[in-house]
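Participant: Take this structure, written in structure tokens, and hold onto it; I'll ask about it next.
There are 2 protein chains.
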Amino acid sequence: MPDGDCLGSVAALGLSLEVLGKTVTLASPEPLPELYRFLPAADRFLIGSGALSGDYDTFVVLDCSVPDRLGPLRELLERNLMIVSIDHHASSYDFGSCTYIDTGAAATGEIIMDLLDLLGVSPRQEVAVCLYTAIATDTGSFRYQNTTPMTHRRVARLMELGIDVARLNVLLYDQKSLLHLRVLQAALQTLDLSPCGRVAWMSISRETLDSLGALEEHTDGLIDYVRSLKGVEVALFFREMVPGRWKVGLRSKGEVDVQRVAALFHGGGHVRAAGAVLEGEGDRIIKEVVAAVLSALSAG
Amino acid sequence: MPDGDCLGSVAALGLSLEVLGKTVTLASPEPLPELYRFLPAADRFLIGSGALSGDYDTFVVLDCSVPDRLGPLRELLERNLMIVSIDHHASSYDFGSCTYIDTGAAATGEIIMDLLDLLGVSPRQEVAVCLYTAIATDTGSFRYQNTTPMTHRRVARLMELGIDVARLNVLLYDQKSLLHLRVLQAALQTLDLSPCGRVAWMSISRETLDSLGALEEHTDGLIDYVRSLKGVEVALFFREMVPGRWKVGLRSKGEVDVQRVAALFHGGGHVRAAGAVLEGEGDRIIKEVVAAVLSALSAG
């Protein structure tokens, strides 16, 4: 699922390159999540293989750390195109001809904003909406570690272009469906803590999701409720993808490298956010993962 | 209950006046909420009448729009003191000798920051923590309408003083107790919408609160879940204070003046946020208030 930084950056750069007289095709490997359909250029995105029929000379890849994430668009890497990749993830892949990775940037949108300055294009209001979306979503509304003084200064400049930030934030955060809250309620019923209070988890079974008519997107962000608990070092969220197959998300507040815990179950990720897929019965899986986290906690 | 802007502003100004050689007493009408005990000067606050025994020549009142909110500290208004009041609320009371109200400021903390510039005091790191807390909490992490480009520029300056914003935000937002989430779960079970989808509400009974061992502070912010629903214009939250006595909170996204609805039930507030207290049986009260909101919606 493409996120706000990815889609906002792609739309912002695309619309700005058009101002410079370039012919631009916007593309996403997958349909845009409902949440981001308000972006000014949202209806212009070609989806997946729908973008492959064009005749391009340059392929610009934004906020994408591995080729697999390109989905059907990966085919474009094999054509004889100039490849430009811009990203802010430390583990980002070197796509070839022209790769720019700035891990100090809070969002790819920050790099795009600076690039527009270098190109001498002053962002139009609709571009400012895209860049604000990119930066605000990737910094958790300026709460995360990646937020810098320059992040705030860039956003001040975007606001001075006249964007309605309060309205944008309603579009980004106050568009929940009743189903989102029903799924939250069902997940909260399973909330549990280790006796030491440092590991907490919630889960949602296939049966519950089906009975509510809920999709994967309705479970987005539920792990943040677990993480918000005082004293919890590691938060876990278990979702039954298909009967007997569970995806676990792991979040650490810093003491434990959850990527190493996820690796025990053939998963991966980063120090503070990781995931894995496990087969079997829910209760047993939860016990196993919680035990592994507790053992990592006591080892650290 | 004093909020982050009030306590952050008081602590920031107090600590800075000490740098200028003033003798300062920090005071709050009520004990500091658990949430704000991390503030650098939190343990220095004298509470309520505990602050009345001092011999003062100036009484500085911050982020306080009406004298009633001073609680026991109101007595200081009757002494022969210089009264300085600084606030950003439009409806703020004129406390007398020296009142400064800037409704364009997102938080009283913004005014204090500018005042420190005028006084030639460069904020120390602990003052920056207080000012960040004041500004970030009153703008809903820079999401609300009151956020301006200058808000972001001020925060950039505060961050450049070396404060750990990610850690501060964990202290502000990731300190929930298990009880908070149990109360949320119980409230979500009551979530309901009008057939038109424009009014939504949740409630929590005295019996439920007592059975969970929950206090008023555990219901703080629950109305935001109701407001976050797509299509909802007015969000309501009903809390049974004592058996048969309910407090309703009303939040509007702009179409309805909820202060006028609250006034029908002898309550008050602002256009977008209001409240009232009603006596009677829960279901009947909910029906009455919802009907009044629906009628205001169709009239508007």
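Top line first, the protein sequences correspond to chains A and B.
When we follow full-length UniProt numbering, the leftmost residue of the first sequence carries the number 1, and every step to the right adds one.
When we follow full-length UniProt numbering, the leftmost residue of the second sequence carries the number 1, and every step to the right adds one.
Quick reminder that beta carbons are idealized off the backbone N, C-alpha and C, glycines included.
Mind listing the chain E neighbours of residue 125(A)? Cutoff is C-beta to C-beta under 7 Å, in chain order.
Facilitator: Going by chain labels, chain E is absent from the structure shown, which instead holds the protein chains A and B.
Participant: Check whether the stretch 138 to 152 of chain B and the stretch 182 to 191 of chain B touch, using three or more Cβ-Cβ pairs below 8 Å as the test.
Facilitator: Under the three-pair Cβ rule at 8 Å, the stretch 138 to 152 of chain B does not count as touching the stretch 182 to 191 of chain B.
Participant: Counting only the same chain and skipping the five closest in sequence on each side, list residues whose C-beta sits under 6 Å from that of residue 60(A).
Facilitator: Taking the first sequence and counting its residues from 1, one reaches residue 60(A) at position 60. Here the set comprises 84.
Participant: Kindly identify the DSSP beta-bridge partner or partners of residue 247(A).
Facilitator: Within the first sequence, the letter at position 247 stands for residue 247(A). DSSP lists 239(A), 277(A) as partners of residue 247(A).
Participant: Near residue 256(A), which residues of its chain fall below 8 Å by C-beta distance, leaving aside the five closest residues on each side in sequence?
Facilitator: Residue numbering aside, residue 256(A) sits at position 256 when the first sequence is read from its first letter. Excluding residues within five positions, the ones whose Cβ falls inside 8 Å are 233, 234, 293, 296, 297, 300.
Participant: Judging by CA-CA distance, which residue of 144(A), 243(A), 288(A) is the nearest neighbour of residue 106(A)?
Facilitator: As a working mapping, residue 106(A) is identified with position 106 in the first sequence. Closest by alpha carbon: 144(A).
Participant: Does the beta-carbon distance from residue 4(B) to residue 103(B) come in below 9 Å?
Facilitator: Taking the second sequence and counting its residues from 1, the one referred to as residue 4(B) is at position 4. Taking the second sequence and counting its residues from 1, the one referred to as residue 103(B) is at position 103. At a Cβ-Cβ threshold of 9 Å, residue 4(B) and residue 103(B) do not count as neighbours.
Participant: Measure the Cβ-Cβ separation of residue 253(B) and residue 170(A) and say whether it is below 9 Å.
Facilitator: By 1-based counting over the second sequence, the position of residue 253(B) is 253. By 1-based counting over the first sequence, the position of residue 170(A) is 170. Contact flag set, yes.
Participant: Just curious, the beta strand (DSSP E) that residue 61(B) is in, first and last residue?
Facilitator: Residue numbering aside, residue 61(B) sits at position 61 when the second sequence is read from its first letter. Residues 58 to 62.
Participant: Where does the unbroken beta strand (DSSP E) through residue 99(B) begin, and where does it stop?
Facilitator: Sequence index remark: in the second sequence, residue 99(B) carries index 99 (1-based). Per DSSP, residue 99(B) belongs to the beta strand (DSSP E) from 98 to 101.
Participant: Which residue from 227(A), 196(A), 249(A), 119(A) puts its Cα closest to that of residue 21(A)?
Facilitator: The residue given as residue 21(A) occupies position 21 in the first sequence. For the residues 227(A), 196(A), 249(A), 119(A), the minimum Cα distance to residue 21(A) belongs to 119(A).
Participant: Could you check whether the Cβ of residue 113(A) sits closer than 9 Å to any Cβ belonging to chain B?
Facilitator: Here residue 113(A) is taken as the residue at index 113 of the first sequence, counted from 1. False, the Cβ-Cβ gap to chain B never drops below 9 Å.
Participant: Between residue 155(A) and chain B, is the shortest Cβ-Cβ distance under 9 Å, so that the two count as touching?
Facilitator: Position 155 of the first sequence holds residue 155(A). It does: the Cβ of residue 155(A) has a partner Cβ on chain B nearer than 9 Å.
Participant: Is residue 287(B) helix, strand or coil when you go by DSSP?
Facilitator: Start at 1 with the first residue of the second sequence, and residue 287(B) comes out as number 287. Residue state, collapsed to three classes: helix.
Participant: At a CB distance below 8 Å, what residues from the UniProt domain "DDH" (2 to 135) of chain A approach chain B? Give them in sequence order.
Facilitator: none
Participant: DSSP beta-bridge partners for residue 84(A)?
Facilitator: The residue given as residue 84(A) occupies position 84 in the first sequence. The partner list for residue 84(A) (beta bridge, DSSP) reads 60(A), 98(A).
Participant: Looking only at C-alpha atoms, which of 7(B), 15(B), 226(B), 135(B) sits nearest to residue 197(B)?
Facilitator: The count along the second sequence starts at 1 and reaches residue 197(B) at position 197. Checking every option, the nearest Cα to that of residue 197(B) belongs to 226(B).
Participant: If you reduce the DSSP assignment to three classes, tell me which class residue 261(A) lands in.
Facilitator: In the first sequence, residue 261(A) corresponds to position 261, counting from 1. DSSP places residue 261(A) in helix when its eight states are reduced to three.
Participant: Are the C-beta atoms of residue 236(B) and some chain A residue less than 9 Å apart?
Facilitator: Taking the first residue of the second sequence as position 1, residue 236(B) is located at position 236. Not an interface residue.
Participant: In chain order, what residues of the same chain have a beta carbon less than 7 Å from the beta carbon of residue 159(B), not counting five sequence neighbours either side?
Facilitator: As a first step, residue 159(B) must be located in the second sequence, where it is residue number 159. Contacts found: 165.
Participant: Going by CA-CA distance only, name the one from 211(B), 200(B), 207(B) that's closest to residue 222(B).
Facilitator: Within the second sequence, the letter at position 222 stands for residue 222(B). Ranking the options by Cα distance to residue 222(B), first place goes to 200(B).
Participant: Between which residues of its own chain and residue 270(B) is the CB-CB distance below 7 Å, once the five residues before and five after are set aside?
Facilitator: Position 270 of the second sequence holds residue 270(B). Once the five neighbours on either side are set aside, the close Cβ partners of residue 270(B) are 259.
Participant: Run through the DSSP bridge pairs and tell me what residue 203(B) is partnered with.
Facilitator: Working through the second sequence from its first residue, we reach residue 203(B) at position 203. Residue 203(B) is bridged to 238(B).
Participant: Measuring only the C-alpha atoms, how far is residue 210(B) from residue 115(A)?
Facilitator: Here residue 210(B) refers to the residue found at position 210 when the second sequence is read from its first residue. Here residue 115(A) refers to the residue found at position 115 when the first sequence is read from its first residue. Using only the alpha carbons, I get a separation of about 57 Å.
Participant: Can you name the start and end residues of the alpha helix (DSSP H) that residue 146(A) belongs to?
Facilitator: Sequence index remark: in the first sequence, residue 146(A) carries index 146 (1-based). Premise fails: residue 146(A) is in no alpha helix (DSSP H) and is neither H nor E.
Participant: Near residue 214(A), which residues of its chain fall below 6 Å by C-beta distance, leaving aside the five closest residues on each side in sequence?
Facilitator: Taking the first residue of the first sequence as position 1, residue 214(A) is located at position 214. Cβ neighbours of residue 214(A) beyond the five flanking positions: 179, 183.
Participant: Out of 79(B), 92(B), 146(B), 128(B), state which residue places its alpha-carbon closest to the alpha-carbon of residue 68(B).
Facilitator: Against the second sequence, residue 68(B) aligns to sequence position 68. Comparing Cα positions, the closest option is 92(B).
Participant: Quick one, are the C-beta atoms of residue 39(B) and residue 8(B) less than 9 Å apart?
Facilitator: Locating residue 39(B) in the second sequence gives position 39, where the first residue counts as 1. Locating residue 8(B) in the second sequence gives position 8, where the first residue counts as 1. Against a cut-off of 9 Å, the Cβ pair of residue 8(B) and residue 39(B) comes out as a contact.
Participant: Taking beta-carbon pairs under 7 Å, can you tell me which members of the stretch 223 to 248 of chain A lie near chain B?
Facilitator: Residues of the stretch 223 to 248 of chain A that bring their beta carbon within less than 7 Å of a beta carbon in chain B comprise 225, 227, 228, 229, 230, in sequence order.
Participant: Taking the alpha carbon of residue 19(A) as the reference point, which residue from 121(A), 202(A), 32(A) has its own alpha carbon closest?
Facilitator: Taking the first residue of the first sequence as position 1, residue 19(A) is located at position 19. Here the closest residue by C-alpha is 121(A).
Participant: How about residue 182(B): is its C-beta nearer than 9 Å to some C-beta of chain A?
Facilitator: In the second sequence, counting from the first residue as 1, residue 182(B) sits at position 182. Chain A has a Cβ within less than 9 Å of the Cβ of residue 182(B).
Participant: In chain B, which residues lie less than 8 Å from residue 271(A) when you measure between Cβ atoms?
Facilitator: Looking up residue 271(A) in the first sequence gives position 271. By Cβ distance, chain B contributes nothing, its closest Cβ being about 14 Å from residue 271(A), past 8 Å.
Participant: Name the DSSP beta bridge partners of residue 197(B), please?
Facilitator: Counting from 1 along the second sequence, the entry for residue 197(B) is found at position 197. In the DSSP output, where bridge partners are listed per residue, residue 197(B) has none listed.
Participant: Determine the burial state of residue 123(B): buried for a count of at least 16 other Cβ atoms within 10 Å of its Cβ, exposed for fewer.
Facilitator: Translated into the one-based positions of the second sequence, residue 123(B) becomes position 123. Buried is the call here.
Participant: Among 11(A), 15(A), 35(A), 30(A), whose alpha-carbon lies nearest the alpha-carbon of residue 229(B)?
Facilitator: Position 229 of the second sequence holds residue 229(B). Of the candidates 11(A), 15(A), 35(A), 30(A), the residue whose Cα lies closest to the Cα of residue 229(B) is 35(A).
Participant: On a Cα-Cα basis, can you pick out the residue from 274(B), 243(B), 111(B) that is closest to residue 281(B)?
Facilitator: One-based indexing of the second sequence puts residue 281(B) at position 281. Ranking the options by Cα distance to residue 281(B), first place goes to 243(B).
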